[in-house]
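Asker: Input: one structure, supplied below.
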Amino acid sequence: MAPTPEEHSNKDAFILRVRKALGRTEPIVHMPDHPSLKSNAVRQQEKVRTVIARNEARRSQTLDRLAKTAAAASWNVRRAGDAEEAASIVAEIAQQSGVKNLVRSAEDVFKRVNIDATLRSVGVSPAILASGRTRSRGALRDMAFRADMGVTGVSYAIAETASCAVTPRRGVARLASLAPSSLVLLIEPEQVLESLDDFFAITRLNRMQARGRTVNYFNFISGPSRTADIEQTLTIGVHGPGEVHMVILG
Amino acid sequence: MAEVKSADFKHAAGRALRDEKLQHALDHVMEHFVGARANVIEADFGDESWEAMRTRAAAIKQSTLEHLDYYLDMVDKSVRRNGGHVYFADDAAQANAIVLDIAKRNGVKTVIKSKSMVSEEMGVNHVLEREGIEPVETDLGEYIIQLAGETPFHIIAPAMHKTRQEVSSLFQEWLKTAPTQDIKRLCVYARDALREKFAAADMGISGANFIVAETGTVCLVTNEGNGRMTTSAPRIHVVLAGMEKIVPAIEDLALFLRLLPRSATGQRITSYNTFVGGPRSPSDEDGPEEFHLVFVDNGRLNLLRDEVMREALRCIRCGACLNHCPVYQKVGGHAYGWVYSGPIGAVVTPPMTNMKVARELPYASTLCGKCKDVCPVKIDIPRLLLHLRHKVAEGTAGERSATWMERLFVGQWHGAMRSRRALEGKANLGRLLTRSFARGGKVRRLPFAPMVSGWTASRDFPAPAQKSFARLWREELSHESGSANGTEQR
Numbered sequence: 001m002a003p004t005p006e007e008h009s010n011k012d013a014f015i016l017r018v019r020k021a022l023g024r025t026e027p028i029v030h031m032p033d034h035p036s037l038k039s040n041a042v043r044q045q046e047k048v049r050t051v052i053a054r055n056e057a058r059r060s061q062t063l064d065r066l067a068k069t070a071a072a073a074s075w076n077v078r079r080a081g082d083a084e085e086a087a088s089i090v091a092e093i094a095q096q097s098g099v100k101n102l103v104r105s106a107e108d109v110f111k112r113v114n115i116d117a118t119l120r121s122v123g124v125s126p127a128i129l130a131s132g133r134t135r136s137r138g139a140l141r142d143m144a145f146r147a148d149m150g151v152t153g154v155s156y157a158i159a160e161t162a163s164c165a166v167t168p169r170r171g172v173a174r175l176a177s178l179a180p181s182s183l184v185l186l187i188e189p190e191q192v193l194e195s196l197d198d199f200f201a202i203t204r205l206n207r208m209q210a211r212g213r214t215v216n217y218f219n220f221i222s223g224p225s226r227t228a229d230i231e232q233t234l235t236i237g238v239h240g241p242g243e244v245h246m247v248i249l250g
Numbered sequence: 251m252a253e254v255k256s257a258d259f260k261h262a263a264g265r266a267l268r269d270e271k272l273q274h275a276l277d278h279v280m281e282h283f284v285g286a287r288a289n290v291i292e293a294d295f296g297d298e299s300w301e302a303m304r305t306r307a308a309a310i311k312q313s314t315l316e317h318l319d320y321y322l323d324m325v326d327k328s329v330r331r332n333g334g335h336v337y338f339a340d341d342a343a344q345a346n347a348i349v350l351d352i353a354k355r356n357g358v359k360t361v362i363k364s365k366s367m368v369s370e371e372m373g374v375n376h377v378l379e380r381e382g383i384e385p386v387e388t389d390l391g392e393y394i395i396q397l398a399g400e401t402p403f404h405i406i407a408p409a410m411h412k413t414r415q416e417v418s419s420l421f422q423e424w425l426k427t428a429p430t431q432d433i434k435r436l437c438v439y440a441r442d443a444l445r446e447k448f449a450a451a452d453m454g455i456s457g458a459n460f461i462v463a464e465t466g467t468v469c470l471v472t473n474e475g476n477g478r479m480t481t482s483a484p485r486i487h488v489v490l491a492g493m494e495k496i497v498p499a500i501e502d503l504a505l506f507l508r509l510l511p512r513s514a515t516g517q518r519i520t521s522y523n524t525f526v527g528g529p530r531s532p533s534d535e536d537g538p539e540e541f542h543l544v545f546v547d548n549g550r551l552n553l554l555r556d557e558v559m560r561e562a563l564r565c566i567r568c569g570a571c572l573n574h575c576p577v578y579q580k581v582g583g584h585a586y587g588w589v590y591s592g593p594i595g596a597v598v599t600p601p602m603t604n605m606k607v608a609r610e611l612p613y614a615s616t617l618c619g620k621c622k623d624v625c626p627v628k629i630d631i632p633r634l635l636l637h638l639r640h641k642v643a644e645g646t647a648g649e650r651s652a653t654w655m656e657r658l659f660v661g662q663w664h665g666a667m668r669s670r671r672a673l674e675g676k677a678n679l680g681r682l683l684t685r686s687f688a689r690g691g692k693v694r695r696l697p698f699a700p701m702v703s704g705w706t707a708s709r710d711f712p713a714p715a716q717k718s719f720a721r722l723w724r725e726e727l728s729h730e731s732g733s734a735n736g737t738e739q740r
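So the protein sequences, as listed, match chains A and B. Quick note: the first sequence, position 204, residue 204 per the numbering used here, numbers continuous. All you need for the numbering used here is the position in the second sequence, starting with 1, plus 250.
Shown next as structure tokens:
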């Protein structure tokens with residue numbers, strides 16, 4: 001077996017060989033001409049300002065479009081007039097699914113949508129999936145694996161593809177939206193964007209402004225967990241939730 | 251490195267053609283993929299915008315390749331800024347050693363794997379097993395073929411050749427589950443078995459669909475959720491990636507995430523996209539504490555070096571060229587003998603592995619051009635196959651690829667075409683010989699087996715005329731020149 005290269009020990013030689021294969025001898029000093037790479041923070045900010053203004057102007061159409069693309073992608077879509085209605089929809093879904101162990105994350109949306117009370121009124125006691133000080137990595141995982149429903153908020157929802165961008169962080173465990181067999185996502189109107197382009201433009205700006213505190217992880221959830229690996233037969237719910245609900249406020 | 255069995259292409263293809271069950275599976279799947287792709291593109295974009303998107307994607311990928319040294323450095327810096335580690339492996343052995351080293355340093359006993367074609371190239375599972383570490387594939391299709399001890403049949407549907415009965419008996423043998431014909435039930439068996447592995451694993455290995463240079467973000471495209479599980483449950487995450495996976499900017503992902511799922515499965519988007527650029531932050535609730543990105547060359551430099559072949563590295567591994575290929579549709583994936591199959595497999599296998607062993611593959615194509623038409627990054631596969639055929643025919647230094655008969659024939663041809671006298675002399679000899687086998691104006695059988703007898707095995711060859719045109723011209727026709735009805739002479 002070849003000796004193990006330490007991290008980076010082979011970097012210079014590797015890159016040199018690539019350069020040689022490309023027929024060059026000198027490294028590239030100036031950034032190659034690539035439009036989406038060149039835009040600096042100021043220009044990116046301008047771009048995002050336009051994106052946000054457009055999305056605000058077309059909000060109600062975009063919400064309708066999201067509801068439509070989501071239904072086509074096998075989401076169960078419910079629209080709520082206000083926070084109270086949203087909370088009772090969540091309780092209704094939990095009751096219909098016969099949920100026993102429900103976990104939720106701890107985002108700001110739950111300060112507005114008080115699902116804990118409505119859930120308790122139908123006999124379900126929600127637990128917050130967060131490691132806190134006492135719970136170990138294994139305990140959090142076991143709790144997530146035991147749960148049969150997860151409820152979380154989103155960072156953004158993209159109408160083009162019915163994708164919910166979920167960004168794990170303090171109070172938002174990765175497993176909350178992954179391990180339970182059914183999932184409910186709460187979406188607020190100002191989180192809805194028209195397109196993938198809008199989302200990545202904003203993500204790029206956020207990153208430019210983060211100054212060292214980078215977000216290393218996020219997901220798009222765009223429908224139920226699915227596979228067609230056996231006889232090309234579509235089957236729902238392999239490793240992730242097979243039942244997915246979108247509750248849109250507005 | 252995974253064994254290269256491409257030399258056996260013709261026999262393996264023959265076996266596949268005689269396998270009725272396989273032919274049935276192939277018909278079914280191909281119909282499904284081809285139809286779904288066409289429908290979603292028509293519904294969402296139409297031909298013209300789709301074409302414009304392909305053009306843009308091809309340009310971005312090509313430009314990234316032309317500046318690959320620059321972008322590799324950029325990814326390295328971005329990932330390190332995120333708190334991750336980056337390695338550069340020349341070949342499969344080196345990449346395996348890196349993975350093994352990380353595993354041993356951390357006392358890893360179980361590794362869960364999300365789908366990675368590079369890991370298939372490396373044969374990393376065998377390496378881990380030899381060291382007493384258990385690798386578990388978690389993509390359902392990959393899990394099935396791992397239990398069966400096989401290699402992927404299709405780049406995005408690795409177990410499409412397995413029936414539900416076969417899967418049921420595999421699970422019965424390995425998971426001790428009850429036999430069933432219910433596919434949903436089979437999925438539940440796999441889910442339960444793999445949940446235990448997710449909980450037990452110390453390390454997750456994934457591939458990468460795209461790596462964003464400016465942010466160091468690895469993008470994974472999955473449907474089952476195993477990619478998310480692999481990047482969430484274990485303590486260590488290792489990404490294995492071909493060095494061609496880079497796109498420069500995060501905003502480029504919008505384009506590529508539109509092209510890939512539609513080209514691959516005909517989906518508007520897959521159920522999950524995971525974006526990961528480093529370890530969890532200390533305040534996160536869960537996620538890996540270590541993040542390692544391993545760039546792998548393993549023969550890709552041979553493609554990069556050749557200006558004609560370079561564009562093959564634009565490939566985003568969607569599998570559309572497989573689904574639309576009349577050859578793949580009949581012979582399936584295993585005949586190609588290595589990790590990548592279909593048209594793109596025929597293109598990359600010879601330069602990445604061994605030109606001599608894989609010399610049959612560039613001929614495994616009718617050059618119909620469908621692969622080129624459906625490629626989301628516009629790789630001109632027929633042109634690359636012709637380029638490889640040229641190379642095979644020329645032979646590489648120190649070895650001749652042509653047979654002695656081909657060389658004899660081409661040598662004689664070369665001599666004959668150099669002078670009129672030589673050409674006529676050889677033509678006369680050939681005419682005399684051939685006429686001696688003619689009966690009633692037809693040559694029914696040429697006996698010089700096996701050199702030319704194939705020509706007459708299933709058809710008759712008209713006997714050559716007694717006199718060549720050149721001789722006729724000299725003796726008779728030239729006297730008629732200038733006469734208006736000269737051709738009546740005969």
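Idealized CB from N, CA, C, for every residue including glycine. Remember, it's a predicted structure, so these values are computed and weren't measured experimentally.
Given that Lys434 of chain B touches chain A, what residues does it touch there, using C-beta distances under 7 Å?
Answerer: Within 7 Å Cβ-Cβ: Thr235.
Asker: Where do the N-terminal and C-terminal ends of the alpha helix (DSSP H) with Arg141 of chain A fall, by residue?
Answerer: Counting along the chain, Arg141 of chain A sits inside the alpha helix (DSSP H) bounded by residues Arg137 to Arg146.
Asker: Given Glu194 of chain A, which residues of its chain have a CB within under 8 Å of its CB, disregarding the five upstream and five downstream residues?
Answerer: Arg54, Asn55, Arg58, Thr62, Arg65, Ile158, Ala159 and Glu160
Asker: Using the Cα positions of Ala70 of chain A and Asn216 of chain A, report the straight-line distance between them to the nearest angstrom.
Answerer: 27 Å
Asker: Could you check the C-alpha separation between Ala117 of chain A and Tyr522 of chain B for me, to the nearest Å?
Answerer: If you take the alpha carbons of Ala117 of chain A and Tyr522 of chain B, they lie about 31 Å apart.
Asker: Alpha carbons only, please: which of B:Ser366, B:Pro385, B:Pro593 and B:Leu611 is nearest the one belonging to Cys621 of chain B?
Answerer: B:Pro593
Asker: According to the Cβ coordinates, are Leu510 of chain B and Val471 of chain B closer than 8 Å?
Answerer: yes
Asker: Gln191 of chain A to Val154 of chain A, Cα distance in whole Å?
Answerer: 8 Å
Asker: For Asp710 of chain B, which residues of its own chain have a beta-carbon under 6 Å away from its beta-carbon, when the five flanking residues on both sides are left out?
Answerer: Lys692 and Arg694
Asker: Could you compute how far the alpha carbon of Met149 of chain A sits from the alpha carbon of Arg207 of chain A?
Answerer: 32 Å
Asker: If you reduce the DSSP assignment to three classes, tell me which class Asn219 of chain A lands in.
Answerer: The three-state secondary structure of Asn219 of chain A, taken from DSSP, is strand.
Asker: To the nearest angstrom, how far is it from the Cα of Gln209 of chain A to the Cα of Ala41 of chain A?
Answerer: 8 Å
Asker: Chain B beta carbons: is any one of them nearer than 8 Å to that of Gly240 of chain A?
Answerer: yes
Asker: In whole angstroms, what separates the C-alpha of Pro126 of chain A from that of Arg104 of chain A?
Answerer: 7 Å
Asker: Around the Cβ of Lys641 of chain B, are there at least 16 other Cβ atoms within 10 angstroms (buried) or fewer (exposed)?
Answerer: buried
Asker: In whole angstroms, give me the CA-to-CA distance for Asp319 of chain B and Glu253 of chain B.
Answerer: 29 Å
Asker: Taking all protein chains shown into account, do 16 or more other C-beta atoms lie within 10 angstroms of the C-beta of Phe209 of chain B, making it buried, or fewer, making it exposed?
Answerer: Because chain B in this structure spans residues 251 to 740, residue 209 of chain B falls outside the shown range and cannot be described.
Asker: When you compare the CB positions of Met367 of chain B and Val589 of chain B, do they come within less than 8 Å of one another, or not?
Answerer: yes
Asker: So with Cβ pairs under 8 Å, would you call Asp502 of chain B a contact of chain A?
Answerer: yes
Asker: What are the boundary residues of the alpha helix (DSSP H) that includes His574 of chain B?
Answerer: Ala570 to His574
Asker: Since Pro600 of chain B is in the alpha helix (DSSP H), which residue starts that stretch and which ends it?
Answerer: Pro600 of chain B -> alpha helix (DSSP H) spans Gly592 to Met602.
Asker: Have a look at B:Glu371, B:Ala347, B:Leu397 and B:Ser456 and flag the residue whose alpha-carbon is nearest the alpha-carbon of Leu378 of chain B.
Answerer: Selected option, being the one with the closest Cα: B:Ala347.
Asker: Going along the region 386-398 of chain B in order, which residues come within less than 9 Å of chain A, judged by CB to CB distance?
Answerer: Thr388, Asp389, Leu390, Gly391, Glu392, Tyr393 and Ile394
Asker: Beta-carbon within less than 6 Å of Glu738 of chain B's beta-carbon, same chain only, minus the 5 sequence neighbours each way: which residues are those?
Answerer: Here Glu738 of chain B scores only 46 on pLDDT, less than 50, and its place in the model is too uncertain to base an answer on.
Asker: In this structure, how does DSSP classify Val471 of chain B when only helix, strand and coil are distinguished?
Answerer: strand
Asker: As a quick exercise: from B:Lys628, B:Ala353, B:Phe295 and B:Leu617, pick the residue whose alpha carbon is nearest that of Gly454 of chain B.
Answerer: B:Ala353
Asker: Do Phe295 of chain B and Asn573 of chain B have their C-beta atoms closer together than 8 Å?
Answerer: Taking 8 Å as the Cβ cut-off, Phe295 of chain B and Asn573 of chain B do not qualify as a contacting pair.
Asker: At the 8 Å Cβ level, is Ala302 of chain B part of the contact set with chain A, yes or no?
Answerer: Interface with chain A (8 Å Cβ-Cβ cutoff): Ala302 of chain B is excluded.
Asker: Here's the rule: buried if 16 or more other CB atoms are within 10 angstroms of the residue's CB, otherwise exposed. What is His376 of chain B?
Answerer: exposed
Asker: Going by CA-CA distance only, name the one from A:Ala83, A:Ala228, A:Ala144 and A:Gly240 that's closest to His278 of chain B.
Answerer: The residue with the shortest Cα to Cα distance from His278 of chain B is A:Ala228.
Asker: Are the beta-carbon atoms belonging to Phe506 of chain B and Ala309 of chain B less than 8 Å from one another?
Answerer: no
Asker: Below 7 Å on C-beta distance, what does Gly153 of chain A contact in chain B?
Answerer: Within 7 Å Cβ-Cβ: nothing; Gly153 of chain A doesn't reach chain B, min ~14 Å.
Asker: So who's on the other strand from Pro385 of chain B, going by DSSP bridges?
Answerer: B:Val361
Asker: Please report whether the beta-carbon of Asn101 of chain A lies at a distance below 8 Å from any beta-carbon of chain B.
Answerer: no
Asker: Starting from Ser163 of chain A, follow its DSSP beta bridges and name the residues at the other end.
Answerer: Answer is A:Ile158.
Asker: Shorter than 8 Å from the beta carbon of Ser136 of chain A to some beta carbon of chain B?
Answerer: no
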